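Working notes, structure below.
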Amino acid sequence: MTSYFRILSLCLVITGCSIDASILSSDSSSVSPPSLTPDTDTSLVFGDNGFVRFKLKTGGIPGENDSNALTVQADGKILLAGYADVIDGEDFGILRLNADGTLDTSFAGDGSWTYAPGINNFDNLMDITTQPDGKILGVGLSNEGSTSSIALVRLNSDGTPDVGFGTVGFSYLNLPSATESEGKKIQLLANGKILVAGIAFVSPYNQIFVARYNSDGSLDTTFNSGSGFNILTIAGRNNDVYDLKTDSLGRIIVSGYTWPTGDLSGVIARLSSDGSLDTAFGGTGIVITNRSSSANDSIYSIHPLSDGSILVAGALTTAGNSNCYLSKYTAAGAVDATFNGTGISVVDFGGSDVCRGMDVMSDGSIMMSGNSANNFVAAKLTAAGALDASYGASGLVSVDVTGNTKYDYMADSHLLSDDKLLIAGYTFTDNEEYSVARLNPDGSLDTTLNGTGTGYYDIEGDPYDAIACITLQPDGKVLLGGASQSNDWGKTAVARLNLDGTLDSSFGSNGSTLAYPLPNEYASFGNVHVLANGKILASGDVDGNFLLARYNTDGTLDTTFASGAGFVLTSLTAGTTESVSSMLVQPDGKIVLIGSEDNNIALARYNPDGSLDGSFGTGGTLLLDLGDVDRAHDGRYLSDGKLLITGTTQNMFMLLRLNSNGTLDTTWGSGTGYLTTNFGGTNHVHVKMAILPDDRVILAGQVDSHFGVARYNADGSLDPSFGTAGSTLVTVAGSTAEDFHDLGVQSDGRILLVGGAVHGALYKAIVLRLNTDGSIDSSFGTAGVVLEQPAAENFESDFRAIAINSDDSFYVAGLQHKHRNYSIVYKYGKNGVR
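Under our numbering, residues 22 to 855 are what the sequence shown spells out, in order.
Rendered as structure tokens:
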């Protein structure tokens, strides 16, 4: 089996955490291990039975994020629904605002909810409503490849999926007679059933459909003679639907357009409550109208009146110029010529106008809203269809949401109980963002919304997390480093967990700090280190450069570092690609970054203030060419101050030793300063290192699809008491392939290896323990191995890094994948029991 997750994991650059040179006997990730107090710390339960899963998500990431619909909860909070742009498509998106326009952080953790039901999906919510119990219903489409399905979503009021609805909160349906379907409008009925209108592709045309669902998300087969839906076939025409309403008799009304050839015509259809077409409306149940020759006519919004007549709002487009209109139909489906004297009232905002919203005020006045000349617009008309000159400027209002003349697209409106008008859509700034405006009954902006009457908001798509390293603070809190990617570039990520596994809200934003060191570039951290004063060093790479940053204890960038920037980028050679694999902090506070530049080993040494140390190498940097494709993966200082570096060369494990000034130590490795170990495989990667108290060295890495481990004496010779002549190739029973990522050594010398394995039908996270002689330790986990894959969840899992406590309990961090990557941390006792 070739796992998508395994392919993805091998594409990520995975590095390890840093270590002080003064902690000579520690492994690659047990940095300053805390001494736990038995009466307090160990009584805490870490997460759910030793497991936590979370997202490195701070809300607000540039992308094309469009809001399509709006509703207002009974408590005045505002819900916007649409999508969030992500690297491989679009995610469902819902944003909740307080009545004053601020983000409601009690909703989904940060005010926004996003979800991706699949890989490379285009998922979009087109409409939203709420239930009397506060639950939230959304409808839209989920599209993977060339096929789209109706998507129905129900969330609890806190933004979590309602698992009692559909399948864990989601219901997907492609109508049996259609090859593609998408939901566009939703209405909740008084009996709890749910109406959905949308379009279905019934070859060769798109047709309007109406479907009814039960309150549990299943299709209601009592609707339309047992089918649960009605596709309104208008022969020889492409059609679309824009609105759905029910009237006082329970009849169902939809509107949109129909397009045979040439110009669009407005369409209204009325169905009986049982789902059949109501032939009392226009003779067939479907009425097609074009109000002007050589013009496109679309009906965007409808409002049934108590006498059965119907107000409609739409747009007429002639020669590329569009104006809004308001019209009225009788209960029988004829245009009411008594309305405004002609049956229609045309409203010209001065640009190319489209009105998608219509609301009727408490006094019968009619509000229309849309966009024109790049702005949100609104108009107020009397019940008879004449402009109300007391509103705005002669009945018209125009709103520039951002004040920057960028394009504002109006998608939906909602009239509040005090006759204020809420308008929502999206606004182009540098990208597209959800946006709102609120108008007073006289047309002025309601400045109790954000102080301006308008607001615009980024919504972050469900990101790919890539946790690369873990270390422990002296107080026992868990520090993680890596990256989070939603769009075409990634943010560096540092997160901190409390001892109980919850995100530490005193750190960064809700427990994590994410940043773009360079705009529009992928950045990641592979190493984190806690300094004696509590500040945090993080290193990695961005745009092919070394990256080093320092954070304060609260997760903010330390602007006393790197000449006030808080971070420094280093390019060793112009035009090359450099990556950081390891970070060391010397006893004098100097910082060494170890990595690769194209095919050479690369190092840089910095002073404690972030400036390059000119006494090291050439101007603070050093390149080593061993004559092949050379990669450095890890490094450690020996007790005499010399530096050991491991990686690969000639497609073999490599171990080299440097003097303190950065020159190769030619007294070691048969006079070359380095040595190699060949396990007989064709691919050696991800080599990590641990140094034992007696200066013996353990290397572990991946050899083809298995774990390779070797132990060396202090002089660089293989230790024959380990494995077979100093090395061992480890395979896991029941798995077809393993990926290695990190190494740890417990206080008794036993070796922990972490990574992932293709095991059965899934890719599972793995921890394996070896005895000091290299044999598998059967007292650990089950026959020496711990495999993790959440029960009853189709997640694939991978461990990327390990940190060991002073009592030999340990944490492992990594990711789980189900359409997106989630960050995970597990805590185990010394023998692999959670």
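The C-beta atom is built at its ideal place from N, Cα and C for all residues, glycine as well. In this text, all values refer to a predicted model and were calculated from it rather than measured experimentally.
Task: Separation of ILE719 from HIS838, as counted between CA atoms - done: Along the sequence shown, one-based indexing puts residue 838 at 817. Along the sequence shown, one-based indexing puts residue 719 at 698. Distance between the alpha carbons of HIS838 and ILE719 is about 31 Å.
Task: DSSP three-state assignment for PHE858, whether helix, strand or coil - done: No answer is possible for residue 858: the residues shown for the chain start at 22 and end at 855.
- [ ] Using the DSSP secondary-structure output, state which residues sit across from PRO182 in a beta bridge.
- [x] Counted from its first residue, the sequence shown places residue 182 at position 161. Beta-bridge pairing links PRO182 to LEU176.
Task: Spatial distance of HIS324 from SER434 (CA atoms) - done: Counted from its first residue, the sequence shown places residue 324 at position 303. Counted from its first residue, the sequence shown places residue 434 at position 413. Roughly 13 Å separates the two Cα atoms.
Task: Option in THR468, MET389, GLY424, ASP463 with minimal Cα separation from ALA432 - done: Translated into positions along the sequence shown, residue 432 becomes position 411. Of the listed residues, the one whose Cα sits closest to ALA432 is MET389.
TODO: Could you check the C-alpha separation between GLN94 and GLY155 for me, to the nearest Å?
DONE: Start at 1 with the first residue of the sequence shown, and residue 94 comes out as number 73. Start at 1 with the first residue of the sequence shown, and residue 155 comes out as number 134. Rounded to whole angstroms, GLN94 to GLY155 spans 8 Å at the Cα level.
Open item on the list: Going by beta-carbon coordinates alone, are ASP295 and GLY306 separated by less than 7 Å?
Closed with: In the sequence shown, residue 295 corresponds to position 274, counting from 1. In the sequence shown, residue 306 corresponds to position 285, counting from 1. The answer is no: Cβ separation not under 7 Å.
Task: Straight-line Cα distance separating ASN548 from TYR843 - done: Translated into positions along the sequence shown, residue 843 becomes position 822. Translated into positions along the sequence shown, residue 548 becomes position 527. Computed Cα separation, rounded: 19 Å.
Open item on the list: Among VAL775, LEU436, ALA721, whose alpha-carbon lies nearest the alpha-carbon of GLY729?
Closed with: Walking along the sequence shown from the start, residue 729 turns up at place 708. Among VAL775, LEU436, ALA721, the Cα nearest to that of GLY729 is on ALA721.
- [ ] Drop a sphere of 10 angstroms on the beta-carbon of SER269, count the other beta-carbons inside from all chains shown, and report buried for 16 or more, exposed for fewer.
- [x] Looking up residue 269 in the sequence shown gives position 248. Exposed, by the Cβ-count rule.
Task: Whole-Å CB distance - ASN621 paired with ASP646, under 8 Å assumed - done: Position 600 of the sequence shown holds residue 621. Position 625 of the sequence shown holds residue 646. Rounded to the nearest angstrom, the Cβ distance from ASN621 to ASP646 is 5 Å, consistent with a contact under 8 Å.
Open item on the list: For the region 413-431 against the region 379-386, do three or more pairs of beta-carbon atoms, one drawn from each stretch, fall closer than 8 Å, so that the two count as touching?
Closed with: Pairwise C-beta distances place the region 413-431 out of contact with the region 379-386, as fewer than three of them are shorter than 8 Å.
Open item on the list: Please state the DSSP three-state secondary structure of SER224.
Closed with: Here residue 224 refers to the residue found at position 203 of the sequence shown. In the three-state DSSP reduction, SER224 falls in the coil class, being neither helix nor strand.
Task: Cβ-Cβ distance between LEU292 and ILE273 below 7 Å - done: The count along the sequence shown starts at 1 and reaches residue 292 at position 271. The count along the sequence shown starts at 1 and reaches residue 273 at position 252. Remark: C-beta atoms of LEU292 and ILE273 approach each other more closely than 7 Å.
Task: Euclidean distance between Cα positions of THR594 and ASN342 - done: Mapped onto the sequence shown, residue 594 falls at position 573. Mapped onto the sequence shown, residue 342 falls at position 321. Taking the Cα positions, THR594 is about 56 Å away from ASN342.
Task: Same chain, Cβ closer than 8 Å to GLY635, neighbours up to 5 away in sequence not counted - done: Along the sequence shown, read from residue 1 onward, the residue named residue 635 stands at position 614. Cβ within range, chain order: GLY641.
TODO: Whole angstroms is fine: what's the gap from LEU209's alpha carbon to ALA218's?
DONE: Within the sequence shown, the letter at position 188 stands for residue 209. Within the sequence shown, the letter at position 197 stands for residue 218. Annotation: LEU209 to ALA218 spans about 12 Å, alpha carbon to alpha carbon.
Open item on the list: Here's a check: name, in chain order, each residue in its chain whose Cβ is nearer than 7 Å to the Cβ of GLY694, leaving out the five neighbours to either side.
Closed with: Translated into the one-based positions of the sequence shown, residue 694 becomes position 673. Contacts found: LEU677, ARG678, LEU685, ASP686, THR687.
Open item on the list: Using the three-state DSSP reduction, which class does SER465 fall into: helix, strand or coil?
Closed with: In the sequence shown, residue 465 corresponds to position 444, counting from 1. Correct three-state label for SER465: coil.
- [ ] Since I believe ARG652 is in contact with THR669 (beta carbons under 8 Å), could you give me their beta-carbon distance rounded to a whole number of angstroms?
- [x] In the sequence shown, counting from the first residue as 1, residue 669 sits at position 648. In the sequence shown, counting from the first residue as 1, residue 652 sits at position 631. The C-beta distance from THR669 to ARG652 rounds to 5 Å, short enough to fall under 8 Å.
TODO: Alpha carbon to alpha carbon, how far is ASN682 from GLY648? Give it in angstroms, no decimals.
DONE: Indexing the sequence shown from 1 puts residue 648 at position 627. Indexing the sequence shown from 1 puts residue 682 at position 661. In a straight line, the C-alpha of GLY648 is about 21 Å away from that of ASN682.
Task: 3 or more residues per run - each beta strand (DSSP E) lying fully within the region 583-671 - done: If only complete runs of 3 or more residues are kept, the region 583-671 shows the beta strand (DSSP E) at 588-591, 599-606, 612-618, 621-627, 642-645, 652-658, 664-670, in order along the chain.
TODO: Return the first residue and the last residue of the beta strand (DSSP E) that ASP148 is part of.
DONE: The count along the sequence shown starts at 1 and reaches residue 148 at position 127. Counting along the chain, ASP148 sits inside the beta strand (DSSP E) bounded by residues 142-151.
- [ ] Counting only the same chain and skipping the five closest in sequence on each side, list residues whose C-beta sits under 7 Å from that of THR338.
- [x] Indexing the sequence shown from 1 puts residue 338 at position 317. The residues ALA316, ASN317, in chain order, have a CB closer than 7 Å to that of THR338 in the same chain once the five nearest residues on each side in sequence are set aside.
- [ ] Look at the Cβ atom of ASP479, then the Cβ atom of GLU453, and state whether they are nearer than 7 Å.
- [x] Within the sequence shown, the letter at position 458 stands for residue 479. Within the sequence shown, the letter at position 432 stands for residue 453. Contact: no.
Task: Sub-7 Å separation of ALA404 and CYS376 beta-carbons - done: By one-based count along the sequence shown, residue 404 stands at place 383. By one-based count along the sequence shown, residue 376 stands at place 355. Their beta carbons are not under 7 Å apart, which means ALA404 does not touch CYS376 by this criterion.
Task: Contacts around GLY702, its chain only, beta-carbon distance under 7 Å, and the 5 residues preceding and following it disregarded - done: Residue 702 sits at position 681 when you count from the first residue of the sequence shown. Cβ neighbours of GLY702 beyond the five flanking positions: VAL724, ASP725.
TODO: Could you tell me which of TYR733, TYR849, GLY406, GLY755 sits nearest to THR793, measuring between CA atoms?
DONE: The residue you call residue 793 lines up with position 772 of the sequence shown. THR793 has its Cα closest to that of TYR733, out of TYR733, TYR849, GLY406, GLY755.
- [ ] Give the secondary structure of THR745 by DSSP, where H, G and I count as helix, E and B as strand, and everything else as coil.
- [x] What you label residue 745 is simply residue 724 of the sequence shown in a count that begins at 1. Strand at THR745.
Task: Buried or exposed by the 16-neighbour rule on C-beta atoms within 10 Å, applied to THR598 - done: Taking the sequence shown and counting its residues from 1, one reaches residue 598 at position 577. That one is exposed.
TODO: Mind checking which residues open and close the beta strand (DSSP E) that includes MET379?
DONE: Residue numbering aside, residue 379 sits at position 358 when the sequence shown is read from its first letter. Going by DSSP, MET379 is part of the beta strand (DSSP E) stretching over 375-381.
Task: Nearest-angstrom Cα separation, counted from LEU773 out to ASP503 - done: Position 482 of the sequence shown, counting from 1, holds the residue named residue 503. Position 752 of the sequence shown, counting from 1, holds the residue named residue 773. The sequence shown places Gly at residue 503, not Asp. Cα-Cα distance, rounded: 21 Å.
TODO: State the DSSP-derived secondary structure class of GLY114, mapped to helix, strand or coil.
DONE: One-based indexing of the sequence shown puts residue 114 at position 93. Three-state DSSP puts GLY114 in a strand.
Task: DSSP-derived helix/strand/coil call for ALA757 - done: To locate residue 757, count along the sequence shown from 1; it is residue 736. The residue you asked about is not Ala; residue 757 is Thr in the sequence shown. Annotated three-state conformation of THR757 is strand, per DSSP.
Task: DSSP state of THR523 mapped onto helix, strand, coil - done: Against the sequence shown, residue 523 aligns to sequence position 502. Coil, per DSSP.
- [ ] If I'm right that GLY247 touches LEU240 with Cβ under 8 Å, what's the distance once you round it to whole angstroms?
- [x] Within the sequence shown, the letter at position 226 stands for residue 247. Within the sequence shown, the letter at position 219 stands for residue 240. A Cβ-Cβ separation of about 10 Å leaves GLY247 out of contact with LEU240 under the 8 Å criterion.
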